[in-house]
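A short worksheet on the structure shown next.
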Amino acid sequence: MKKIILLLLVIMIMLPVFIFSAKVVVRVPQDPDFLDPHKAAASGTEEMMFNVFEGLLKADSNGNVVPAVAERYSVSPDGLVYTFKLRKGIKFHNGALVTVDDIIYSLDRLRGVNNEKPLSSTFSSFIKDVKATDKETVVVSMKELNTSFITNFTVAIIPKNNTDPNKNPIGTGPFKFKEYLPGQRVVIQKFNDYWKKGVPMIDEVEFRIITDDQAALLALLSGEIDMSPRIDVLQLDLLSDNFQVIKSEQNMVQLLALNHQNKYFSDVRVRQAINYAVDKDEIINAVALGYGTKLGSNMSPVMKKYYREGLEDYYQTNVTKAKELLRQAGYPNGFRTTITVPSNYKFHVDTAQVIVEQLKKIGIIAEIEQVEWGVWLERVYANRKYESTIIGLTGKLSAYDILKRYVSDFSRNFYNYSNPMYDEIIRKAVKETDDAKATELYKQAQDILTKDAVAVYIMDPNFINAMKKEIGGYTVYPLYIQDMSVIYIAK
Amino acid sequence: MNEKLFEIKDLSISFRKKEEQFFAVKSVDFDIHKGEIVGLVGESGCGKTLTGLSIIGLTPSDAIISGQINFKGMNLLSKNKEERRSTRGKNISMIFQEPMTSLNPLMKVGDQIRETLLINMRMDKFQAKQKVYEIMKSVGFADVYSLYKKYPHELSGGMRQRVVICIAIACNPDLIIADEPTTALDVTVQAQILDLLKKINQQTTSSILFISHDFGVIKEMCSQVIVMYAGHIVEKSCIGRIFSNPLHPYTQALLKCIPAPEKKGNPLFSIKGKVPSIYDNSEGCPFFNRCSFALEKCRKELPKLREYEPEHLTRCFYTEEKNGKTDS
Amino acid sequence: MYFYLKKGFSMLITIIAVTVITFVSFQIIPGDPVLSRLGVDADQAQIDALKEELNLNKPLATRYFIWLKGVFTGDMGQSFRYSVPVSDLILNRISVTFILALISLLLIIFIGVPLGIISARYNNRIPGLFISFISQIGMAVPSFWTGILLMFLFGIVLKWFAVSGYVSWSENPLLCIKSLTLPAVSIAIPNIATVIRYMKNMVLDEMKKEYVKTAYSKGLSTSQVLSKHILKNAIIPVITILGMISATILGGSIIIEQVFSLPGIGRLLINAITTRDLPLVQGIIVYISVMIVIINFIIDIFYTIIDPRIRFN
Amino acid sequence: MKKTNITIGAVILIFLLAMMTVSIFYTPYPVTQMNIKERFSPPSLKHFFGTDNFGRDILSRVMSGSQTAFFVGALAVFIGLVFGVLIGALSGYIGGIFDEITMRIMDAMLAFPGILFALMFVAIFGVGIKNTITAIGIMSIPSFARVTRSSYLQHKEFEYVKSAKAKGASPLRIIFFHILPNVTSPIIVSSTLGFARAVLSEAGLSYLGLGVQPPYPSWGRMLNESQVFISIAPWYAIAPGIFITLLVLGFNFLGDGLQDLESLK
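So the protein sequences, as listed, match chains A, B, C and D.
If you read the first sequence in the numbering used here, its first letter stands for residue 1, the second for the next number, and so on.
If you read the second sequence in the numbering used here, its first letter stands for residue 1001, the second for the next number, and so on.
If you read the third sequence in the numbering used here, its first letter stands for residue 2001, the second for the next number, and so on.
If you read the fourth sequence in the numbering used here, its first letter stands for residue 3001, the second for the next number, and so on.
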């Protein structure tokens, strides 16, 4: 008799393990900066929390914005008033229904009302006011026209009564927050009352924080993790066949940025000479093993609508022409310069090593200076104290957000590029309500960047995601995010 | 004389240095009888300690030992390591000169005594402990129970030597080799230790090989005396005769060195020169260059050990001539 | 007792000195903690909000004293990078480094000491020479290289051990030890070599001592003399170098955690330095120094247990 | 036994020194020359130690890596030696409060894991060969200071010092002209062992990516880079490891040999 009871007990204990709880473990390279969506800025955080928070609108895999918390929306002819209809029956993770007050609270929190500090300067400078006309409609009026502002409505809507949005984040997304162990993992669970039915198809997602690429590979090989996005391309041939690899452009622009205030790089001929000297195909083969799309300007082909074709071969590699240009610019036997590179991005460090070899051919002796990420952000990105650098700019939904970086008065124009003509085109584009005209203006902007050789636009390094064979449904976004709601585990 | 316990025959101990052999002890013979206290005397470096160590089998590993050490008829030198080890502690034990360092500083003194019993006797820990208390009382310790738990550094030199003695007599061995047991102690304690040793010898049947450089101590303790010089036995005799009629010049010189009340006031006699080192292999009598009666003969030849009186032998040409024993 | 106070006090001064130096130096070095947290797309408003939150705008001196006051009340302030109390971060990571250090310390003692004795006993004979030769190599091999080779051999080729990842003690103690064996071995090897050499020399010294003769005269065999008498006396000087070794173990574990990507204090510190997370760096320094003081304290206690002479003076 | 240590040590070091000097003028392939087609080719006659992930010849990189190892080791030991001996001599000779304070600092530095100190130093003053050398140099000061102090304490009591004092020599003269020449042997021994430690620390720092930066080749960094490809190119990880061990072994043997000699004197 006793034995039977014992047996029963054992089975009871073992049971939960057998109920198949579909769980996927995804590797992420670093910790989230904030769980509070309005304070978070790091792309690494958006990559995870895209599954937890939703804005009035939401990005889809083609880079457009689609309704989410809002069921539908309309824009006034003069583009100054946005009206959003609240989706009926949509709930927060804590079960409470989403109300218009929550929407107003979220948007006001960002633009900073009644002398509270704003959390987003774009919101505070563009939005005049936000009010609810009735229980289901919210109207947002703008101070001035900005055709690309619509993409900002993807910002998260959070409940008004949440005392600590950073400690326990609550949103309306397909997954709800479960736990965060600093330096180790972020775990999110399926939200059963998600407004879009049939989604998500898995019960739990663990974002395991593994900073070291090599450790991530080993964890993948040993089966401890199921998916490793942005795997180091050189590790691909280490994967056996029970893994699948998904490759595609990721709307990232890797470029060799030249500081236009530097005495050499202020001369367009020097910049063009460098463009002729840098052999982008060799870099793509050496560093990305061919998994990269050559670029000509600061736009990736993923942005189909805005991408200007044919610019990638504007500067066919030509050493003699490059030397000729250098001679004209007054540096017949080249000069010395440094390439400052963030040490934690091996991809950019390797690219720098290849470029150093290529520049040697035209007499330019470039020295690599590796600096920590924090130092790069401060010295190069914020204070612009550098000669040349290599960085990858993550993709954005709107062409304006991508191209506004070169406008002379833009706070983060670390190239120190100022071209009134360029500024004029961008300003007109953002005011242009006719979509076709706006697209044409953005294309002209790309032409200027290429002809003026503002920088050396190398490639859109392919986004490579290695995962176990049985994981299905993965969709690539032109954004730095992992949409886990479409993932399922095939048996 | 009761039964002969030890018979040392032609014992030689040598060391090899760069293919040459150097003798520290040269063909030594003597006997130790049951219950007897034999004195082995000579200046330091004459091989007396080495002789003692060879009996108990603790000579340094590179020493080459020849000759016989017969203990109850069995030659210890022919025994293997294991058998030799079984005699140590049970049949032969040793007391060393330096009480300060001859006890393990990290072990209670009681335990160090008990260890001998546990190794050699079939006793469990408790029985052994009681025996240790007994032994400690027998050597004159008062509060043995608290003393048992004390560590060596908590005791005085004299008390530590008493502990070493307890260790030596624990299995009441046939022979206790005492290598200058009192040299490191001050005079008052010295006397107590000597009385203790005498008491032990009388109460138990253990005989003692008493090694010392001090004739005064030897006089008090021993019944037989052997004088060694540079590895040789130069004179052997019972206690009485050696003091009344010392034959060998070296023995005479040693006796003069003993400070005595009547010699008060005049300078102490000391022998000129120093003991020859083990590495000088010159033939002839080793005492030659320090001997005031040295003859030409002494330079080349080594005199033989001859008996001049019952149980009184010496090795000296001058004595031979003086007593007309000049057979070839 | 006075002896410990003096030692503890001097360690305290050094800790404070080190933290002052770090505090000041963190001001002058390049790299801004706020930027390194928020990244490239940070909005100026968010930067200002975070600066405010981390009260970076207060003058240097006040920030240091707030921190120092915090240390004594156990609140080490919030990490710039994780906005989580520094002590929580450290406490859940310190178990890895501590267990790792403990295992390697045990390995060092239980392999180093016996081998040291054996190499002393068979000095200048085959086993002795062999052990000293191996220990000579052991000292020369960089610990992270051993780590890589062990990981390759046992992890990838033979698949006996998990290649990376750490199972916490609370989840499953056995698996935890298993996941730390290879790292612990790679840290231990150079230190085992040192212990062997020290132990050998100490045993040889003790063998010349008088009390060994007394022991032999009692009829003890060589192995009995070694284990009952010489071991305890020879181990005392070895214990003192264990104090020094524990510092190298902590140092070694910083690199080994990188090789095996273990979530220990070492990696936390490296990340903290690269992201200019000042409170976290300070916190870790204090914890490591406290750990060292504790280890030295334990060693002193060990000392008094083994050597009664010290107990009395 | 005494002589063998020195000979083994000397032989290894001479071999490595020779390799190092050769590598200054000639390496089988230019150190930075990439050749993607020959990526990860195993050791062969063409590439004695095989090639790395950029197809660069590992033997040439290891050979030029020896320059960094020797260079960093020598300078670091030099810094440690100069300051260590100075501090050790002064505190040994003067004693008193000065001695008490410096020794407290030295003990604290010794108790603190060396790598941790170097890490902090490099983080504060930036990575690169200059700072790596200074960091490791400072780390080796305590061991020199200790050795010098103990020999000064000993020699202070000797006759020749008393007679020098009698001649009215100033303390500085005594320290440097009288005592120093007599205490060189323990210092030499600790500098050989110091060199070994310096090489190991440089390799450690470079492994963490904080030591010597490209274009200077470094064995530690090669090890770090090789670890990723260990399953497809294990030889990449083996070559630099062997050379670090060899160099450290050479110095350890030399150090032990000198120590035996010195204890004989």
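Beta carbons are placed, not taken as given, at the ideal position from N, Cα and C, and that holds for glycine.
Beta-carbon spacing of residue i, residue j below 8 Å
| i | j | result |
| --- | --- | --- |
| ARG336 of chain A | LYS443 of chain A | no |
| PRO229 of chain A | ASN465 of chain A | yes |
| MET1100 of chain B | ARG1160 of chain B | yes |
| SER3231 of chain D | ILE2156 of chain C | yes |
| THR362 of chain A | ALA277 of chain A | At residue 362 of chain A the sequence reads Ile, which differs from the Thr that was named. The answer is yes: Cβ separation under 8 Å. |
| LEU1196 of chain B | VAL1132 of chain B | no |
| ILE3174 of chain D | ALA3166 of chain D | no |
| PHE1030 of chain B | LYS1236 of chain B | yes |
| ALA2250 of chain C | ILE2288 of chain C | In the sequence as presented, Ala is not what sits at residue 2250 of chain C; that position holds Leu. Their beta carbons are under 8 Å apart, which means LEU2250 of chain C touches ILE2288 of chain C by this criterion. |
| ILE548 of chain A | GLN254 of chain A | Absent from the model: residue 548 of chain A. The displayed extent of chain A is 1 to 491, so no value can be given. |
| ASN416 of chain A | ARG379 of chain A | no |
| GLY3009 of chain D | PHE3253 of chain D | yes |
| ILE368 of chain A | PRO3030 of chain D | no |
| GLU1087 of chain B | LEU1076 of chain B | For the sequence presented, residue 1087 of chain B should be read as Thr rather than Glu. Result yes, Cβ atoms of THR1087 of chain B and LEU1076 of chain B sit closer than 8 Å. |
Residue i (DSSP reduced to helix, strand or coil)
| i | result |
| --- | --- |
| ALA257 of chain A | strand |
| ILE1037 of chain B | strand |
| ASP1031 of chain B | strand |
| GLN3213 of chain D | coil |
| SER1066 of chain B | strand |
| GLU1083 of chain B | helix |
| HIS1213 of chain B | coil |
| TYR3112 of chain D | Before going further, note that residue 3112 of chain D is Phe rather than Tyr in the sequence given. It is coil, neither helix nor strand. |
| LYS1304 of chain B | coil |
| ALA490 of chain A | coil |
| THR147 of chain A | helix |
| GLY292 of chain A | strand |
Delimiting residues of the beta strand (DSSP E) encompassing residue i
| i | result |
| --- | --- |
| THR338 of chain A | 336–342 |
| ASN465 of chain A | 463–468 |
| ASP134 of chain A | 127–134 |
| GLU367 of chain A | 365–371 |
| LYS176 of chain A | 175–181 |
Where the alpha helix (DSSP H) through residue i begins and ends
| i | result |
| --- | --- |
| ALA436 of chain A | 435–451 |
| GLN3154 of chain D | 3141–3156 |
| GLU1321 of chain B | 1317–1322 |
| LYS190 of chain A | Segment 185–190 is the beta strand (DSSP E) holding LYS190 of chain A; no alpha helix (DSSP H) there. |
Cut-off 8 Å between Cβ atoms - residues of its own chain near residue i, not counting five sequence neighbours on either side
| i | result |
| --- | --- |
| ALA219 of chain A | ARG27, ARG208, ILE210, ILE225 and SER228 |
For residue i: DSSP bridge partner residues
| i | result |
| --- | --- |
| ASP3057 of chain D | D:THR3051 |
| HIS348 of chain A | Partner(s): none; HIS348 of chain A has no beta bridge. |
| ASN1075 of chain B | B:ASN1070 |
| PHE1006 of chain B | B:ILE1032 and B:PHE1071 |
| LEU57 of chain A | A:PRO67 |
| GLN1224 of chain B | B:VAL1038 and B:CYS1238 |
| LEU86 of chain A | A:ALA70 |
Contact set for residue i: own chain, Cβ-Cβ below 7 Å, skip 5 residues either direction
| i | result |
| --- | --- |
| ASP33 of chain A | ALA40, ALA41, ALA42 and THR45 |
| CYS1222 of chain B | ILE1037, VAL1038, GLY1039, PHE1210 and ILE1239 |
| VAL66 of chain A | LEU57, LYS58 and ASP60 |
| TYR1279 of chain B | PHE1022 |
Cβ shell of residue i (< 6 Å), same chain only, five flanking positions each side left out
| i | result |
| --- | --- |
| VAL2034 of chain C | ILE2047, LEU2050 and LYS2051 |
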